[in-house]
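Q: Take the sequence shown: its position 391, counting from 1, is numbered 551 in our numbering, and each next residue is one higher. Think of the CB as a built atom: it goes at the ideal place given N, C-alpha and C, for glycine as much as any other residue.
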Amino acid sequence: MGKLKRSLAIMLMSALLVSGVTACGGTSENTGDSKTSAAAGSSASSESTNAAPDVSEKMDISVALWGIDEALANADNDQFLQAMYKKLNITLKPRQITWDDYTQKAQMWSASGDMPDIMSIDAVGTTYYRNWINQGVIKPLPEDLSKYPTLKEYMNKPDIQALKQPDGKIYTVPRSLYDSLDYCAHDRIVLYRWDLAQKAGITKEPETWDEFNAMLKAIVDKDPEGKKISGLTANNVKQISGFFWLFSDPAATSDGSGSDFKWIKKDGKYVPAVLTTDLALPSLQNMRTMYDQRMIDRDIANMKGTQSYDKFVSGTSAALLLVGYGNVNNQVNERWKKLHPDVPLFDAVKKADYFPATDGNKYHCTFKTYWSESYFSNKMDDKKMDRIMMLYDYMLQPETKEFYRYGVKDVDYKKDGDKITKITSQEELDKKQPSSANLQALVEFDNAYLYDPNNSTIDSAIRESAIKDLEHSREVTKQPDYEVKLTDISTPTKDKFSILDHEFMLKIMAGKEPVEKMWADVLKEYEAKGLSKMIDEVNAKAREMGLN
């Protein structure tokens, strides 16, 4: 696949809201020759049942996954893919989707009865997710996953178990980002130009919102390099709530989907945190102040592609909101090295600390341990579903992860304890198993791999900074209080209700009318969409669940 394509694949996975289970390791080791070897250890399912799984029947499995067509294009010469095919007696058949059309194709396939065996989409909480369940479009997972022990353990995360439907079944395998919500701290990162702050007369790194705002204002007002520098910009405006709500309404942080709004207890009933006036208004007023005083880039809503990275690195934006240290590595640091080859990134750039909110506590953004999901066509029989569950179990095993990341043991890499030493260069490994960068995201994204010392795709200084900051976050921040069981429950009104908070945040931020009046208008709009009715329905469901 080459360095560029692999870099893009890794960048994509690092950018997603959202890292998964332990990266690599385990006691089993890969064995075999360099062509079809390392079938990733013995089968966990056979250990569970004391009998080899039945894979005697050859099966074709159709898969709709971003980039799957390119990943499978050279299957005959792919050592990872051939080992998987041999072990499970399967062949994967691609169904092409792109970031521009995957939602439309998923709905079209499900409506026409042409859904692939496996389909990837972020559908939890949407109306079509509920319809697929109610109409029997998607197949539930087996209720007993003991035959697939690695998958069973993976599915036991609280926010995944919260997806269990009233019939007691789960209809999806979420694509995990993390094994804990602690990692959400890095789902929204703000970097700032400390070198320019110092030139503007700032001598202390900011520890509060007031100090952060004062620093941005100093950089913009003094413009130390004469570039007409702007304030904070962002790569994607849907991500702004993950930072700005931390001022006063931390449970309101949203992944931008519109369906992940959290419920908090207020005056004896559950309400959406994002639409709670006394919590929301201070954050919105802070945004207005920052925007009016040019601490926020006036063009923040118009950034396209990679423009925000370019502005930040070139010194025409004072700060940058982005997702994950993967993007710090692949987007910011790569650009930085070209423009500033003699200055290490973190000598000139700092990551914003966790500032106290209006209640005095420090928070980080909180979403889910997963982003996007796998769905399975209900047209397939139980035998094919069994084989797919074997595939998912296989992909989650530590030995398999070691295989797709490093290749064949003692051929492509050596292992001494937990330390991996590569024999084959990354460029050559990409040629030997070009599917790996894509297929590793079939079941999970596992963004926690970024923190693994064996991950040579991440600059060591970036990784060390990420690890240090994650530990710091664990020490100083807390997660906001909210009822996780209510985020994805189904009620007639809630199933159709969407809160795209970035839209009204931007509107109020750049507005001319008083923040309070514009906020009142927002609440009127949502009331017209059924806000009070939804609140009543959710609270009735909460009582049924014993939550009140």
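On a CA-only basis, which of T637, R255 and V297 is nearest G273? Give me that one, please.
A: Counting from 1 along the sequence shown, the entry for residue 273 is found at position 113. Considering only alpha carbons, the answer is V297.
Q: According to DSSP, what are the bridge partners of A224?
A: One-based indexing of the sequence shown puts residue 224 at position 64. Looking at the DSSP assignment, A224 forms a beta bridge with M279.
Q: Please report how far the alpha carbon of L646 lies from the alpha carbon of D355, in whole angstroms.
A: Counted from its first residue, the sequence shown places residue 646 at position 486. Counted from its first residue, the sequence shown places residue 355 at position 195. Taking the straight line joining both Cα atoms gives about 45 Å.
Q: Using only alpha-carbon positions, find the residue among V215, P442, W269 and A235 that is nearest to K539.
A: Translated into positions along the sequence shown, residue 539 becomes position 379. Minimum Cα distance to K539 is reached at W269.
Q: Looking at L232 and the ligand SAH, is the gap between the Cβ and the nearest heavy atom below 7 Å?
A: The ligand SAH is absent from the structure shown, which contains no ligand whatsoever.
Q: Please name the residue or residues paired with D782 in a DSSP beta bridge.
A: Limits of the chain in this structure are 161 at one end and 708 at the other, which puts residue 782 out of reach.
Q: What are the uninterrupted segments assigned as beta strand (DSSP E) that are 3 or more residues long and contained completely in the region 291-363, given in chain order?
A: Fully enclosed beta strand (DSSP E) runs of 3 or longer: 333-336 and 349-353.
Q: Report the CB separation of S414 from L439 in whole angstroms; it is logged as a contact under 8 Å.
A: For the purposes of this step, residue 414 is identified with residue 254 of the sequence shown, where counting begins at 1. For the purposes of this step, residue 439 is identified with residue 279 of the sequence shown, where counting begins at 1. No, S414 and L439 are not in contact; Cβ-Cβ is about 14 Å, not under 8 Å.
Q: Answer yes or no: do S401 and M665 have a C-beta to C-beta separation smaller than 8 Å?
A: Against the sequence shown, residue 401 aligns to sequence position 241. Against the sequence shown, residue 665 aligns to sequence position 505. Result yes, Cβ atoms of S401 and M665 sit closer than 8 Å.
Q: Within 10 angstroms of its Cβ, does N521 collect 16 or more other Cβ (buried), or is it exposed?
A: Walking along the sequence shown from the start, residue 521 turns up at place 361. With fewer than 16 Cβ atoms within 10 Å of its Cβ, N521 is classed as exposed.
Q: From S721 to A231, what does the alpha carbon distance come to, in whole angstroms?
A: Within the shown structure, residues of the chain are numbered from 161 to 708, placing residue 721 beyond reach of any answer.
Q: Roughly how many angstroms separate the alpha carbons of A670 and L480, rounded to a whole number?
A: Against the sequence shown, residue 670 aligns to sequence position 510. Against the sequence shown, residue 480 aligns to sequence position 320. Each residue's Cα considered, the two are about 18 Å apart.
Q: Taking buried to mean at least 16 other C-beta atoms within 10 Å of its own C-beta, is A212 buried or exposed?
A: Walking along the sequence shown from the start, residue 212 turns up at place 52. By the neighbour-count rule (16 or more Cβ atoms within 10 Å), A212 is not buried but exposed.
Q: Nearest to K510 by CA position, among I580, S537, T526 and P366, is which residue?
A: To locate residue 510, count along the sequence shown from 1; it is residue 350. The shortest C-alpha separation from K510 is found at P366.
Q: Can you tell me the Cα-Cα spacing of P318 and K592, whole angstroms?
A: Here residue 318 corresponds to residue number 158 of the sequence shown, with the count starting at 1. Here residue 592 corresponds to residue number 432 of the sequence shown, with the count starting at 1. Looking at the two C-alpha atoms, the distance is approximately 38 Å.
Q: Got a sec, what are the start and stop residues for the beta strand (DSSP E) E624 sits in?
A: Start at 1 with the first residue of the sequence shown, and residue 624 comes out as number 464. Segment S620 to V636 is the alpha helix (DSSP H) holding E624; no beta strand (DSSP E) there.
Q: S585: which of S616, D578 and F527 sits nearest, CA to CA?
A: Stepping through the sequence shown from its first residue, residue 585 is reached at position 425. Looking at the Cα atoms, S616 is the closest of the given residues.
Q: As an exercise, report each continuous alpha helix (DSSP H) stretch of at least 4 residues that is fully enclosed by the region 466-524, in chain order.
A: Here the runs fully enclosed are 467-474, 484-487, 494-499 and 505-508.
Q: Within 10 angstroms of the Cβ of S534, are there 16 or more other Cβ atoms? Answer buried if so, exposed if not.
A: Here residue 534 corresponds to residue number 374 of the sequence shown, with the count starting at 1. It is buried - the Cβ of S534 has at least 16 other Cβ atoms within 10 Å.
Q: Report all residues from its chain with a CB closer than 6 Å to the CB of E189; omit the five preceding and five following residues, and keep chain order.
A: Start at 1 with the first residue of the sequence shown, and residue 189 comes out as number 29. Because E189 sits at a pLDDT of 30, beneath the cut-off of 50, its placement in the model cannot be relied upon, and the point is left open.
Q: Over what stretch of residues does the beta strand (DSSP E) that includes W269 continue unbroken?
A: Within the sequence shown, the letter at position 109 stands for residue 269. Unbroken run through W269 is the alpha helix (DSSP H), Y262 to S272; no beta strand (DSSP E).
Q: Just curious, the beta strand (DSSP E) that I424 is in, first and last residue?
A: Stepping through the sequence shown from its first residue, residue 424 is reached at position 264. W423 to K426 is the extent of the beta strand (DSSP E) around I424.
Q: Is it true that the CB of K656 sits closer than 8 Å to the CB of V698?
A: Here residue 698 refers to the residue found at position 538 when the sequence shown is read from its first residue. Here residue 656 refers to the residue found at position 496 when the sequence shown is read from its first residue. Contact flag unset, no.
Q: So I281 and Y308 are supposed to be a Cβ contact under 8 Å. How far apart are they, rounded?
A: As a position in the sequence shown, residue 281 is number 121, starting the count at 1. As a position in the sequence shown, residue 308 is number 148, starting the count at 1. Not confirmed; about 22 Å, so no contact.
Q: Given this structure, state the Cα-to-Cα distance separating E494 from F506, to the nearest angstrom.
A: Taking the sequence shown and counting its residues from 1, the one referred to as residue 494 is at position 334. Taking the sequence shown and counting its residues from 1, the one referred to as residue 506 is at position 346. Their backbone Cα atoms lie some 13 Å apart in a straight line.
Q: For T196, which residues from the same chain have a beta carbon less than 7 Å from its beta carbon, with the 5 sequence-adjacent residues on both sides left out?
A: Indexing the sequence shown from 1 puts residue 196 at position 36. Its pLDDT being 34, under 50, T196 is placed unreliably by the model, and nothing is read from it.
Q: Measure from the alpha carbon of G475 to the alpha carbon of each residue in H500, R290 and V488, then state which is nearest.
A: Position 315 of the sequence shown, counted from the first residue, corresponds to residue 475. The residue with the shortest Cα to Cα distance from G475 is H500.
Q: Take the Cβ of M555 as the centre, count every other Cβ of all protein chains shown within 10 Å, and call the residue buried at 16 or more, exposed below.
A: Stepping through the sequence shown from its first residue, residue 555 is reached at position 395. By the 10 Å Cβ count, M555 comes out buried.
Q: Residues in its own chain within less than 6 Å of K471 by CB, not counting five upstream and five downstream?
A: As a first step, residue 471 is located in the sequence shown; it is residue number 311 there, counting from the start. Here the set comprises T393 and S477.
Q: Applying the 10 Å Cβ sphere with the 16-neighbour rule, what's the burial state of T637?
A: In the sequence shown, counting from the first residue as 1, residue 637 sits at position 477. Burial call: buried.
Q: Quick check on DSSP: helix, strand or coil for V431?
A: By 1-based counting over the sequence shown, the position of residue 431 is 271. It is a strand residue.
Q: So, helix, strand or coil for Y642, using DSSP?
A: Mapped onto the sequence shown, residue 642 falls at position 482. Coil, per DSSP.
Q: Skipping 5 residues on each side, what residues in its chain have a beta carbon closer than 8 Å to that of S340?
A: Residue mapping note: residue 340 aligns to position 180 of the sequence shown, counting from 1. Once the five neighbours on either side are set aside, the close Cβ partners of S340 are T529.
Q: So what does DSSP say about G186, is it helix, strand or coil?
A: By one-based count along the sequence shown, residue 186 stands at place 26. In this prediction, G186 scores a pLDDT of 29, lower than 50, which makes its location untrustworthy; the coordinate-derived value is nonetheless stated afterwards. The answer is coil: DSSP assigns G186 none of H, G, I, E or B.
Q: Which residue from C525, E562 and P276 puts its Cα closest to that of Y609?
A: Within the sequence shown, the letter at position 449 stands for residue 609. It is E562 whose Cα lies nearest to the Cα of Y609.
Q: Grouping DSSP H, G and I as helix and E and B as strand, with all else coil, what is S596?
A: Here residue 596 corresponds to residue number 436 of the sequence shown, with the count starting at 1. Note: S596 maps to helix in three-state DSSP.
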